[in-house]
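For reference, the structure is listed below as structure tokens.
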């Protein structure tokens, strides 16, 4: 009898313990297999790809097709970047589709970096030619691989405009020919204002 | 290692009191880490009894702070206790800019508040021993029990490899751990007479931050060039050539005619009375000396038998960062050896994350994902331009293998701007 009772107590204890353990293992970021694949990225791109700095782009919420095109361009050296070329190859090793899906699913938080009111106002005026592709509110058009610019880190935006103008970013890409033509007629000094404007959009 | 003495009723009573005090301080959290430190060292027995699964982290630098943060992020049901004698985080990356007067040490100093907000308990104490069998970290006469331990001890110096250094270790500056020594070295450089000689010695590999000494050369040379044009900077490098970013540094140095770089010049002795260092071939006089001694893993790693046959560095599993010498103890950061990675802050951060997620997976009985590290490393070569090296990795058959190393084509302002972005992002990745 005592043995049986002890057995029941033991069984109950195991049940209680199991319940506690199950409860303890709350849903965490590790339940998303993508999380472990992107942990390197946050050193520059911030938590969940939401960079809070001027020069590092926000990659949270990026359209997956656009994300994949960029990583492939970085890895092939078409989009020249000493930082991103090695990491693009690491991403390909870990699984580009899964990582693109992971960042696409993250909620995008607009940059906290803000230009002056004057720069934003001047940028808004200068943005007229950009609206055709990037839209009235800078939301972009994923179907045509045109990224959203609203709330993006301004230092990054200004640098990319310069790279497009100099034709050092994906030089032979026909999809970008029209964009580069627009950039060529904009003076370099205006890039920071354009960037301040798009960074300020929500 | 000392075995744990059985507790008498009296010690149990005093332990309970101090425990209560510990818990009170810890639960108030913010700002009270200091108060906690005052009593933790005198506690006997269990400093903070374990209420659930617990990870203890030794060291809140780039690897340790990251590991503590990511354990809490990945599974908030796991308790984390972080042992760190320093009250604030001071970044080694960017600290060479304090020597040139371009940055203040305050601009590189951050509080640990973000970690306290994640309910990480910070104990401002030094671990004195590790007991792998009972899974305890000893702090004086007290201890902390753990389920898994992360050892992130950084580096310590091999003082006795240079004759005359052990006696002068409090006055000869290394400034290789950012903080008071960095500020003092900057002051010495600023007070040096125009025409004075600054001598920097570079230790043989492996040492913390391979490009660090050469960035320091750029910063001091830039400062002297501008403010003390008659002064000279002599670099005595134990290595055969510039260890990292070689061509880029060599190009950058062309702007500084005040640099006298001498490769294969290992310092073997020091005489502070004549202000002289001795290499195998030469005697070199200095006005200001910055002697970076040879290095090994932080003291606790050596004391706890985590280092290999070389008695210097810790070998680890490339996937979990578990020590090859002791189970359930993980080592991250500069203290490790055997991976094809530099001893950099970025790598320590990457190791901290991978170790944390491996630990969480293991504690939850889940498979450990493969998480190769990455290395992004910027060096400032003037007041406004920087260079960078980037390494990416994969894991093959359980071993970390480099995929690619890429350097910036030249020094530039835009690389320096990205260095700023990196600095802020990665500090947040460790401390927010």
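Residue numbers (the working numbering), protein chains in the order written: chain F, 389 to 590; chain E, 443 to 874.
Glycine residues also receive a C-beta, built at the ideal position from the N, C-alpha and C atoms.
Which residues in chain F have a C-beta closer than 8 Å to the C-beta of residue i? List them in chain order.
i, result
"residue 850 of chain E", "470"
"residue 835 of chain E", "478"
"residue 734 of chain E", "What residue 734 of chain E touches in chain F: nothing, since even the nearest Cβ is about 26 Å away."
"residue 847 of chain E", "474"
Just the chain C side, please: which residues come within less than 8 Å of residue i by C-beta, in chain order?
i, result
"residue 870 of chain E", "Looking at the structure shown, chain C is missing, and the protein chains on hand are F and E."
Using a threshold of 9 Å, state whether the C-beta atoms of residue i and residue j are closer than that.
i, j, result
"residue 614 of chain E", "residue 721 of chain E", "no"
"residue 780 of chain E", "residue 508 of chain E", "no"
"residue 805 of chain E", "residue 564 of chain E", "no"
"residue 581 of chain E", "residue 525 of chain E", "yes"
"residue 539 of chain E", "residue 640 of chain E", "no"
"residue 403 of chain E", "residue 496 of chain E", "No answer is possible for residue 403 of chain E: the residues shown for chain E start at 443 and end at 874."
"residue 459 of chain F", "residue 421 of chain F", "no"
"residue 425 of chain F", "residue 811 of chain E", "yes"
"residue 618 of chain E", "residue 737 of chain E", "yes"
"residue 735 of chain E", "residue 627 of chain E", "no"
"residue 635 of chain E", "residue 670 of chain E", "yes"
"residue 534 of chain E", "residue 620 of chain E", "yes"
"residue 496 of chain F", "residue 557 of chain F", "no"
"residue 783 of chain E", "residue 827 of chain E", "no"
"residue 844 of chain E", "residue 834 of chain E", "yes"
"residue 647 of chain E", "residue 685 of chain E", "yes"
"residue 623 of chain E", "residue 547 of chain F", "no"
"residue 507 of chain F", "residue 590 of chain F", "no"
"residue 523 of chain E", "residue 586 of chain E", "yes"
"residue 476 of chain F", "residue 818 of chain E", "no"
"residue 493 of chain F", "residue 479 of chain F", "no"
"residue 618 of chain F", "residue 473 of chain F", "Shown here, chain F extends from 389 to 590; a query on residue 618 of chain F therefore has no answer."
"residue 706 of chain E", "residue 729 of chain E", "no"
"residue 556 of chain E", "residue 867 of chain E", "no"
"residue 638 of chain E", "residue 761 of chain E", "no"
"residue 442 of chain F", "residue 544 of chain F", "yes"
"residue 516 of chain E", "residue 423 of chain F", "yes"
"residue 746 of chain E", "residue 768 of chain E", "yes"
"residue 813 of chain E", "residue 511 of chain E", "no"
"residue 565 of chain F", "residue 521 of chain F", "no"
"residue 590 of chain E", "residue 770 of chain E", "yes"
Between residue i and residue j, which are expected to be in contact by the criterion C-beta below 8 Å, what is the C-beta distance as a whole number of angstroms?
i, j, result
"residue 798 of chain E", "residue 513 of chain E", "5 Å"
"residue 446 of chain F", "residue 584 of chain F", "Not a contact, Cβ separation roughly 15 Å."
"residue 742 of chain E", "residue 572 of chain E", "7 Å"
"residue 502 of chain F", "residue 870 of chain E", "No, residue 502 of chain F and residue 870 of chain E are not in contact; Cβ-Cβ is about 18 Å, not under 8 Å."
"residue 448 of chain F", "residue 481 of chain F", "Contact doesn't hold; Cβ gap of about 22 Å is too wide."
"residue 526 of chain F", "residue 536 of chain F", "6 Å"
"residue 574 of chain F", "residue 514 of chain F", "7 Å"
"residue 718 of chain E", "residue 726 of chain E", "7 Å"
"residue 748 of chain E", "residue 604 of chain E", "Going by Cβ atoms, the distance from residue 748 of chain E to residue 604 of chain E rounds to 25 Å, so no, they are not a contact pair."
"residue 503 of chain E", "residue 790 of chain E", "7 Å"
"residue 388 of chain E", "residue 501 of chain E", "Chain E is shown only over 443 to 874; residue 388 of chain E falls outside these bounds and no answer can be derived."
Using a C-beta to C-beta distance shorter than 7 Å, which residues of chain F count as neighbours of residue i?
i, result
"residue 856 of chain E", "547"
"residue 859 of chain E", "443, 543"
"residue 830 of chain E", "470, 471"
Just the chain E side, please: which residues come within less than 9 Å of residue i by C-beta, in chain order?
i, result
"residue 497 of chain F", "Result: empty, since nearest Cβ-Cβ is about 13 Å, beyond 9 Å."
List, in order along the chain, the chain E residues whose C-beta lies closer than 7 Å to that of residue i?
i, result
"residue 424 of chain F", "799, 811, 813"
"residue 571 of chain F", "The contacting residues do not exist; residue 571 of chain F stays about 17 Å from chain E at best."
"residue 417 of chain F", "515, 516"
Does the distance between the C-beta of residue i and the nearest non-hydrogen atom of the ligand ZN fall short of 8 Å?
i, result
"residue 488 of chain E", "Among the components of this structure there are no ligands whatsoever, and the ligand ZN is therefore not found."
For residue i, go through chain E and note every residue whose CB falls closer than 8 Å to its CB, in chain order.
i, result
"residue 427 of chain F", "512, 792, 795, 796, 799, 813"
"residue 431 of chain F", "788, 791, 792, 816, 818, 864, 867, 868, 871"
"residue 481 of chain F", "814, 836, 845"
Which chain F residues sit within Cβ distance under 9 Å of residue i?
i, result
"residue 803 of chain E", "418, 424"
With 9 Å as the limit, tell me which residues of the region 668 to 681 of chain E have their beta carbon closer than that to any beta carbon of chain F; keep them in chain order.
-> Cβ contacts with chain F: none found.
Answer yes if the region 549 to 557 of chain F comes into contact with the region 575 to 589 of chain F, meaning at least three C-beta pairs across the two stretches below 8 Å, and no otherwise.
-> For the pair of segments examined, the region 575 to 589 of chain F was found to touch the region 549 to 557 of chain F: the number of CB pairs separated by less than 8 Å reaches three.
Would the region 662 to 681 of chain E and the region 692 to 709 of chain E be scored as touching if the rule is three or more Cβ pairs under 8 Å?
-> yes
Interface residues of the region 774 to 801 of chain E facing chain F [CB-CB below 8 Å] = 788, 791, 792, 795, 796, 799
Are at least three pairs of beta-carbons, each pair with one atom in the region 594 to 607 of chain E and one in the region 762 to 776 of chain E, less than 8 Å apart?
-> yes
Chain F contacts made by the region 613 to 642 of chain E, where a contact means CB separation under 8 Å = Look at the region 613 to 642 of chain E: it has no residue with a C-beta under 8 Å from a C-beta of chain F.
Would you check if the region 648 to 657 of chain E and the region 567 to 585 of chain E touch, i.e. whether three or more CB-CB distances between them fall below 8 Å?
-> no
Just by C-beta distance, which residues in the region 480 to 503 of chain E are closer than 8 Å to chain F?
-> Listed by position along the chain: 494, 495.
Do the region 839 to 854 of chain E and the region 684 to 699 of chain E meet, that is, are 3 or more Cβ pairs less than 8 Å apart?
-> Yes, since at least three Cβ pairs between the region 839 to 854 of chain E and the region 684 to 699 of chain E fall closer than 8 Å, the two stretches touch.
Within 9 Å of chain E by C-beta, residues of the region 518 to 545 of chain F in sequence order | 541, 543, 544
In the region 533 to 552 of chain E, which residues sit with their C-beta less than 8 Å from some C-beta in chain F, listed in chain order?
-> The region 533 to 552 of chain E vs chain F, Cβ under 8 Å: nothing.
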